[in-house]
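In what follows, a structure is listed as structure tokens, so that the remarks can point back to it.
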Amino acid sequence: MYDERRPAVPTLSYAKDFQGVADVFLRDPGRYAPLLQFIESVMAGESDLTKAEREMIAAYVSKLNGCDFCLGAHKWTLAALDIDAKVIEAVDAGPDAEAVDERLRPLLRFAGRLTRDPEAVGQADVDALLAVGWSEQAVEDTINVTALFNYVNRLVDAFGIKGSESYFKQVGRALATQGYEPLIRSALKKAS
Numbered sequence: 026m027y028d029e030r031r032p033a034v035p036t037l038s039y040a041k042d043f044q045g046v047a048d049v050f051l052r053d054p055g056r057y058a059p060l061l062q063f064i065e066s067v068m069a070g071e072s073d074l075t076k077a078e079r080e081m082i083a084a085y086v087s088k089l090n091g092c093d094f095c096l097g098a099h100k101w102t103l104a105a106l107d108i109d110a111k112v113i114e115a116v117d118a119g120p121d122a123e124a125v126d127e128r129l130r131p132l133l134r135f136a137g138r139l140t141r142d143p144e145a146v147g148q149a150d151v152d153a154l155l156a157v158g159w160s161e162q163a164v165e166d167t168i169n170v171t172a173l174f175n176y177v178n179r180l181v182d183a184f185g186i187k188g189s190e191s192y193f194k195q196v197g198r199a200l201a202t203q204g205y206e207p208l209i210r211s212a213l214k215k216a217s
């Protein structure tokens, strides 16, 4: 999951000791509190996608973007949600990997296209998802997870956040059981 060979270079002097994206959020909680609430809504709120499906999309988008931090954290979140290890490792292989649920494959392909070639996404892409039984809400939810992680991946990489397996495991457990609420509360408390 985690590649120590990939350099993470803090771009800002105060970011050199950041261990995770939470450090970014808590540095300026007034700025990031609305983002945290959006993250909680997208990743843990009402959705036509399960929490695990959203986490798979987040991990896959992070893989495509080369964001080792988010990939590691969200693979561990999947593990904490009791997703089979073969399915988690299939994130690296892509949507057509044998272990990926056939129903989820079109959503992952869509998220991949939206990540790699967003200007090419059109009605035909949405129609293909609807034709295999996904609701319009599921498509919107996929768009939100994909867009969110394209942003968060860039934020993490620009701040040079690297993480570690032990950190990813801890964060994964927390996200699977508590969502982002504890971080939101900390940010709001710090902002007041």
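What the sequence shown shows, in the working numbering, is residues 26 to 217, in sequence order.
Glycine included, each C-beta is placed from N, C-alpha and C at the ideal position.
Q: Indicate, with yes or no, if the ligand NAD has a heavy atom lying under 7 Å from the CB of Arg130.
A: In the structure shown, the ligand NAD is absent, as is every other ligand, since no ligand is present at all.
Q | Residue from Ser217, Ser211, Arg198 whose Cα sits closest to the Cα of Asp107 | A | Comparing Cα positions, the closest option is Arg198.
Q) Would DSSP call Val125 helix, strand or coil? A) When secondary structure is reduced to three states using DSSP, Val125 falls in the coil class, being assigned neither helix nor strand.
Q. CA-CA distance, Ala47 and Ala153?
A. Going by the C-alpha atoms only, they are around 37 Å apart.
Q) From which residue to which residue does the alpha helix (DSSP H) around Trp159 run? A) Here Trp159 belongs to no alpha helix (DSSP H), and DSSP marks it neither H nor E.
Q: With DSSP as the reference, label Phe50 as helix, strand or coil.
A: Annotated three-state conformation of Phe50 is helix, per DSSP.
Q) Which first and last residues belong to the alpha helix (DSSP H) in which Phe193 is found? A) Where Phe193 is concerned, the enclosing alpha helix (DSSP H) stretches over 190-203.
Q | Exposure of Thr167, with buried meaning 16 or more beta-carbon neighbours within 10 Å | A | Counting Cβ neighbours within 10 Å, Thr167 comes out buried, since at least 16 surround it.
Q: With DSSP as the reference, label Met26 as helix, strand or coil.
A: Because the pLDDT at Met26 is just 46, under 50, the model does not fix this residue reliably, and the value given afterwards should be weighed accordingly. Met26 falls in the coil class under three-state DSSP.
Q) Ala212 and Leu61: beta carbons closer than 8 Å? A) Against a cut-off of 8 Å, the Cβ pair of Leu61 and Ala212 comes out as a contact.
Q.
Quick check: what's the CA-CA separation for Ser66 versus Tyr176?
A. So the two alpha carbons sit approximately 16 Å from each other.
Q: Mind reading off the beta-carbon distance from Thr102 to Ala201? Whole number of angstroms is fine, and I expect it under 8 Å.
A: Their Cβ separation, rounded to whole angstroms, is 5 Å, which keeps Thr102 and Ala201 in contact under 8 Å.
Q: Give the DSSP-derived three-state secondary structure of Ser66 in the structure shown.
A: Helix.
Q: Using alpha carbons as the reference points, say which of Arg130, Leu96, Val164 lies closest to Asn178.
A: If we check each option's Cα against that of Asn178, Leu96 comes out closest.
**Q.** Spatial distance of Lys111 from Ala104 (CA atoms)
**A.** Rounded to the nearest angstrom, the two C-alpha atoms are 10 Å apart.
Q: Report yes if the CB atom of Phe174 is closer than 8 Å to the CB atom of Val86, and no otherwise.
A: Phe174 is a Cβ neighbour of Val86, given a cutoff of 8 Å.
Q | Three-state class that DSSP yields for Asp135 in the structure shown | A | Note that residue 135 is Phe in the sequence shown, not Asp. In the structure shown, Phe135 sits in a helix (DSSP, three-state: H, G or I).
Q) Where do the ends of the alpha helix (DSSP H) carrying Phe94 lie? A) Here the alpha helix (DSSP H) through Phe94 covers 93-105.
Q. Roughly how many angstroms separate the alpha carbons of Met26 and Ala84, rounded to a whole number?
A. Residue placement at Met26 is poorly supported in this model, since its pLDDT is 46, which falls under 50; the coordinates still yield a value, given next. Their Cα atoms are separated by approximately 11 Å.
Q) For Thr140, which option in Thr75, Glu206, Ala77, Ile82 has the closest C-alpha, if you only look at C-alpha atoms? A) Comparing alpha-carbon positions, the option among Thr75, Glu206, Ala77, Ile82 lying closest to Thr140 turns out to be Ile82.
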